[in-house]
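See structure below.
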Amino acid sequence: MADKVKLGNVWLSVCSGCELSIADIHEAIVDVLGLADFEFMPVLMDVKYDEWTDVDVAIVTGGICNDENRELALKVREKAKVVIAYGTCAAYGGVFGLRNLHNVEDLEQEAYVNSESTYNEAGIIPREGVPQLESRQRPLTDVIDVDLVLPGCPPRSDLVVQIV
1 MADKVKLGNV WLSVCSGCEL SIADIHEAIV DVLGLADFEF MPVLMDVKYD EWTDVDVAIV
61 TGGICNDENR ELALKVREKA KVVIAYGTCA AYGGVFGLRN LHNVEDLEQE AYVNSESTYN
121 EAGIIPREGV PQLESRQRPL TDVIDVDLVL PGCPPRSDLV VQIV
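At position 147 of the sequence shown (counting the first as 1) the number is 147 in the working numbering, and the numbers step up by one without a gap.
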(Lines of atoms letter the chains of each structure in order from A and count residues from 1; the text may use other names and numbers.)
(Lines give C-alpha, C1' and ligand atoms only; values in the text may rest on other atoms or scores of the structure.)
Protein backbone atom coordinates (compact mmCIF):
# COMPACT_ATOMS: atom_id res chain seq x y z
CA MET A 1 0.00 0.00 0.00
CA ALA A 2 1.25 3.48 -0.83
CA ASP A 3 2.15 5.91 1.92
CA LYS A 4 -0.75 7.68 3.55
CA VAL A 5 -1.44 11.31 2.71
CA LYS A 6 -0.29 13.61 5.51
CA LEU A 7 -3.05 16.09 6.34
CA GLY A 8 -3.05 19.18 8.50
CA ASN A 9 -5.77 21.59 9.52
CA VAL A 10 -4.99 25.16 10.52
CA TRP A 11 -7.65 27.48 11.83
CA LEU A 12 -7.20 31.21 11.69
CA SER A 13 -10.03 33.68 12.39
CA VAL A 14 -12.90 31.19 12.67
CA CYS A 15 -16.18 30.30 14.34
CA SER A 16 -15.19 26.58 14.23
CA GLY A 17 -18.07 25.56 11.94
CA CYS A 18 -15.63 24.44 9.24
CA GLU A 19 -13.65 22.36 11.72
CA LEU A 20 -16.84 20.67 12.87
CA SER A 21 -17.79 19.93 9.26
CA ILE A 22 -14.38 18.27 8.81
CA ALA A 23 -14.87 16.18 11.95
CA ASP A 24 -18.51 15.43 11.06
CA ILE A 25 -17.92 12.83 8.35
CA HIS A 26 -19.39 10.03 10.46
CA GLU A 27 -18.35 6.49 9.52
CA ALA A 28 -16.46 7.81 6.48
CA ILE A 29 -13.72 8.71 8.97
CA VAL A 30 -12.68 5.05 8.75
CA ASP A 31 -12.12 5.44 4.99
CA VAL A 32 -10.25 8.72 5.45
CA LEU A 33 -7.99 7.30 8.16
CA GLY A 34 -7.20 4.39 5.85
CA LEU A 35 -5.83 6.86 3.31
CA ALA A 36 -4.55 9.73 5.41
CA ASP A 37 -3.05 10.69 8.74
CA PHE A 38 -3.94 13.97 10.44
CA GLU A 39 -0.59 15.40 11.50
CA PHE A 40 -2.18 18.39 13.19
CA MET A 41 -5.79 19.39 13.72
CA PRO A 42 -6.58 21.62 16.71
CA VAL A 43 -10.22 20.50 16.96
CA LEU A 44 -9.15 16.85 17.44
CA MET A 45 -5.73 17.01 19.08
CA ASP A 46 -3.33 19.21 20.97
CA VAL A 47 -1.27 21.23 18.50
CA LYS A 48 1.97 23.05 19.15
CA TYR A 49 2.56 25.32 16.19
CA ASP A 50 6.33 25.20 16.59
CA GLU A 51 6.23 21.39 16.25
CA TRP A 52 4.45 21.18 12.89
CA THR A 53 5.74 18.68 10.41
CA ASP A 54 5.58 18.98 6.64
CA VAL A 55 2.28 17.79 5.19
CA ASP A 56 0.98 16.85 1.79
CA VAL A 57 -2.28 18.76 2.19
CA ALA A 58 -3.19 21.60 4.56
CA ILE A 59 -6.86 22.44 5.01
CA VAL A 60 -6.91 26.06 6.18
CA THR A 61 -10.03 27.58 7.66
CA GLY A 62 -10.69 31.20 8.51
CA GLY A 63 -9.38 34.51 7.35
CA ILE A 64 -6.57 36.80 8.39
CA CYS A 65 -7.51 39.33 11.06
CA ASN A 66 -4.31 39.71 13.08
CA ASP A 67 -0.55 39.31 12.92
CA GLU A 68 -0.69 35.79 14.38
CA ASN A 69 -3.11 34.64 11.64
CA ARG A 70 -0.76 36.05 8.99
CA GLU A 71 2.27 34.26 10.49
CA LEU A 72 0.39 30.95 10.64
CA ALA A 73 -0.76 31.31 7.03
CA LEU A 74 2.78 31.95 5.83
CA LYS A 75 4.08 29.01 7.86
CA VAL A 76 1.46 26.61 6.51
CA ARG A 77 2.35 27.60 2.95
CA GLU A 78 5.96 26.61 3.71
CA LYS A 79 4.94 23.30 5.31
CA ALA A 80 2.32 22.07 2.83
CA LYS A 81 2.60 20.83 -0.73
CA VAL A 82 -1.07 21.67 -1.32
CA VAL A 83 -3.05 24.35 0.53
CA ILE A 84 -6.85 24.32 0.51
CA ALA A 85 -8.81 27.43 1.52
CA TYR A 86 -11.71 25.66 3.20
CA GLY A 87 -14.84 27.68 3.88
CA THR A 88 -16.11 31.11 2.97
CA CYS A 89 -13.91 32.94 5.50
CA ALA A 90 -10.72 31.48 4.03
CA ALA A 91 -12.00 31.97 0.49
CA TYR A 92 -13.57 35.43 0.69
CA GLY A 93 -13.33 36.80 4.23
CA GLY A 94 -16.75 35.58 5.37
CA VAL A 95 -18.81 37.00 8.18
CA PHE A 96 -15.68 38.18 9.99
CA GLY A 97 -15.25 40.63 7.12
CA LEU A 98 -17.98 42.73 8.76
CA ARG A 99 -15.26 44.11 11.01
CA ASN A 100 -14.02 45.99 7.93
CA LEU A 101 -16.91 48.40 8.51
CA HIS A 102 -14.94 49.79 11.48
CA ASN A 103 -11.40 50.91 12.13
CA VAL A 104 -9.08 49.00 14.47
CA GLU A 105 -9.19 51.66 17.19
CA ASP A 106 -13.01 51.52 17.39
CA LEU A 107 -12.98 47.71 17.46
CA GLU A 108 -10.43 47.61 20.28
CA GLN A 109 -12.31 50.25 22.25
CA GLU A 110 -15.53 48.26 21.96
CA ALA A 111 -13.94 44.90 22.81
CA TYR A 112 -11.66 45.95 25.66
CA VAL A 113 -13.41 48.98 27.18
CA ASN A 114 -17.05 49.56 26.19
CA SER A 115 -18.41 46.01 26.10
CA GLU A 116 -20.98 45.36 28.83
CA SER A 117 -19.16 42.19 29.83
CA THR A 118 -15.80 43.96 30.22
CA TYR A 119 -14.56 45.45 33.47
CA ASN A 120 -11.75 47.83 32.55
CA GLU A 121 -12.07 51.11 34.47
CA ALA A 122 -8.60 52.23 33.37
CA GLY A 123 -9.57 51.81 29.71
CA ILE A 124 -6.31 50.04 28.90
CA ILE A 125 -6.06 48.35 25.51
CA PRO A 126 -3.81 45.27 25.92
CA ARG A 127 -0.80 45.12 23.60
CA GLU A 128 1.70 42.69 25.09
CA GLY A 129 0.90 39.03 24.47
CA VAL A 130 -2.22 39.81 22.42
CA PRO A 131 -2.18 39.37 18.63
CA GLN A 132 -2.42 42.78 17.02
CA LEU A 133 -5.32 43.37 14.65
CA GLU A 134 -4.54 44.06 11.04
CA SER A 135 -6.19 47.07 9.44
CA ARG A 136 -8.68 44.80 7.63
CA GLN A 137 -9.96 41.23 7.71
CA ARG A 138 -8.59 39.46 4.64
CA PRO A 139 -9.26 36.10 3.06
CA LEU A 140 -6.43 33.58 3.08
CA THR A 141 -6.23 33.97 -0.69
CA ASP A 142 -5.01 37.58 -0.23
CA VAL A 143 -2.04 36.50 1.88
CA ILE A 144 -0.75 33.22 0.39
CA ASP A 145 -1.13 31.24 -2.80
CA VAL A 146 -3.70 28.48 -2.42
CA ASP A 147 -4.18 25.46 -4.63
CA LEU A 148 -7.90 24.90 -4.13
CA VAL A 149 -10.75 27.06 -2.83
CA LEU A 150 -13.80 25.34 -1.29
CA PRO A 151 -16.29 27.99 -0.17
CA GLY A 152 -19.29 27.30 2.00
CA CYS A 153 -20.36 28.23 5.49
CA PRO A 154 -19.39 25.56 6.27
CA PRO A 155 -18.59 23.43 3.23
CA ARG A 156 -20.37 20.09 3.03
CA SER A 157 -18.72 17.42 5.19
CA ASP A 158 -18.54 14.94 2.32
CA LEU A 159 -16.06 17.23 0.55
CA VAL A 160 -13.42 16.19 3.09
CA VAL A 161 -13.71 12.59 1.94
CA GLN A 162 -13.50 13.70 -1.69
CA ILE A 163 -10.41 15.83 -0.97
CA VAL A 164 -8.53 12.83 0.41
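Where is the CB? At the ideal position from N, CA and C, for every residue including glycine.
From which residue to which residue does the beta strand (DSSP E) around S135 run?
Stepping through the sequence shown from its first residue, residue 135 is reached at position 135. L133 to R138 is the span of the beta strand (DSSP E), which, as asked, contains S135.
For a test of the three-state rule: what should DSSP assign to A80, helix, strand or coil?
Residue mapping note: residue 80 aligns to position 80 of the sequence shown, counting from 1. The answer is strand: DSSP assigns A80 an E or B state.
Considering only their Cβ atoms, is the gap separating D37 from K4 smaller than 8 Å?
For the purposes of this step, residue 4 is taken as the residue at position 4 of the sequence shown. For the purposes of this step, residue 37 is taken as the residue at position 37 of the sequence shown. A contact, by the Cβ cut-off of 8 Å.
Nearest CA to the CA of L140: which residue from P42, A122, K48 and N69?
Here the question's residue 140 lines up with position 140 in the sequence shown. Selected option, being the one with the closest Cα: N69.
Secondary structure at K6, three-state DSSP: helix, strand or coil?
What you label residue 6 is simply residue 6 of the sequence shown in a count that begins at 1. Looking at K6 - three-state DSSP - the assignment turns out to be strand.
Give every residue of the same chain whose Cβ lies closer than 6 Å to the Cβ of L20, excluding the five residues on either side of it in the sequence, and list them in chain order.
For this step, residue 20 is matched to residue 20 along the sequence shown. Closer than 6 Å at the Cβ level, and outside the excluded window around L20, lies no residue.
Would you give the residue range spanned by the alpha helix (DSSP H) that E105 belongs to?
Within the sequence shown, residue 105 is the residue found at index 105, counting from 1. Here the alpha helix (DSSP H) through E105 covers V104 to Q109.
If you draw a straight line from the C-alpha of I163 to the C-alpha of A28, how long is it?
The residue given as residue 163 occupies position 163 in the sequence shown. The residue given as residue 28 occupies position 28 in the sequence shown. Their Cα atoms are separated by approximately 13 Å.
Does the Cβ-Cβ distance between G87 and P154 come in under 8 Å?
Residue numbering aside, residue 87 sits at position 87 when the sequence shown is read from its first letter. Residue numbering aside, residue 154 sits at position 154 when the sequence shown is read from its first letter. Yes, the pair counts as a contact, with Cβ atoms nearer than the cut-off.
Could you check the C-alpha separation between M175 and W52 for me, to the nearest Å?
Because the chain in this structure spans residues 1 to 164, residue 175 falls outside the shown range and cannot be described.
Just verifying my parser: in three-state terms, what is the DSSP assignment at I25?
For the purposes of this step, residue 25 is taken as residue 25 along the sequence shown, with counting starting at 1. I25 falls in the coil class under three-state DSSP.
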